[in-house]
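Data block below; observations after.
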Amino acid sequence: MIILKTDRLTLRGWRDDDLDALAVMNADPEVMRYIMDGSVRDRRQSAEGLRKMVATWEERGYGLFAVEIRDSGVLIGWAGLTVPDFLPEVMPAVEIGWRLDRASWGCGYATEAARAAMRFGFLDCGLDRIISIRQVENARSARVMEKLGLAYEFETVVPGHDLPVAVHAITGGQYRVRFGG
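In my numbering, the protein residues as written are 7 to 187.
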């Protein structure tokens with residue numbers, strides 16, 4: 007199991023006992039506001055999502071990390087790498103993403119966790135490029151992307167959802183210049 011540590015966070019693999027916190031986060035309408043159509047997830051859907059996150063790690067060697075506060079061990083969400091197959095025009099691609107419980111917003115945790123996951127993607131997985139996709143209206147994610155060095159590339163619409171999104175990207179070379187490694 008891969009574990010990444012930052013000054014304040016631990017990014018780790020998923021455990022069965024993470025389901026409670028994940029289900030609470032996924033049931034919060036404000037947390038889910040900019041996730042596709044904004045629908046909340048029930049416990050069964052969260053359990054299925056957890057199963058898929060574990061399976062992705064086994065299939066690809068990367069995925070979404072559980073993110074917890076380093077000092078307390080409290081799970082606050084996830085961050086990591088996925089394949090954005092919901093947006094065929096960017097494929098092939100690997101996307102950096104994050105979702106945190108509302109109590110953790112505004113603390114810099116999304117940037118801290120995503121930066122650690124990007125470092126893993128570029129330095130450990132050997133990725134050449136990482137993208138990030140956000141709903142055009144999602145100003146919080148736009149700020150995180152800017153802090154991560156992801157440059158705006160273009161806007162498009164998610165097929166079948168009539169959902170305007172912005173695509174941002176960074177190459178491994180750009181990452182190394184900005185953050186070292």
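Using N, Cα and C, we set each Cβ at its ideal position, and we do this for glycine too.
In this text, all values refer to a predicted model and were calculated from it rather than measured experimentally.
For ARG105, the enclosing beta strand (DSSP E) stretches over residues 101 to 106. Relative to the Cα of VAL46, the nearest Cα in the group PRO94, PRO90, ARG105, VAL80 belongs to ARG105. Per the DSSP secondary-structure output, GLN51 pairs with nothing in a beta bridge. DSSP places PHE160 in the strand class (E or B) of the three-state scheme. In the DSSP annotation of this structure, the continuous segment of the beta strand (DSSP E) that includes GLY83 starts and ends at 81 to 88. Partner residues in the beta bridge of ALA172, as assigned by DSSP, are ARG140, GLU161. By the CB criterion at 8 Å, ASP24 and LEU56 fall inside the cutoff. About 7 Å separates the beta carbons of LEU17 and ALA85, which is inside the 8 Å limit, making them a contact pair.
ARG108 has its alpha-carbon roughly 14 Å from the corresponding atom of SER147. In this structure, ALA145 sits away from GLU159, with a CB-CB distance that is not shorter than 8 Å.
Straight across, the Cα-Cα distance linking ASP22 with GLU64 is about 16 Å. Going by beta carbons, VAL96 and GLY83 fall outside the 8 Å limit. Beyond the five residues adjoining it in sequence on each side, HIS167 comes within less than 7 Å, by CB distance, of MET42, ASP43 in the same chain, given in chain order. Pairwise C-beta distances place the segment 180 to 187 in contact with the segment 115 to 130, as three or more of them are shorter than 8 Å. Considering only LEU15, LEU10, ILE8, the residue with the shortest C-alpha distance to SER78 is LEU15.
According to the DSSP secondary-structure assignment, ALA72 is paired through a beta bridge with ARG18, TRP84. Its chain contains THR177, GLY178 as the residues whose beta carbon lies nearer than 8 Å to that of ASP134, once the 5 sequence neighbours on both sides are disregarded; these appear in chain order.
Around the beta-carbon of VAL37, 16 or more other beta-carbon atoms lie within 10 Å, marking it buried.
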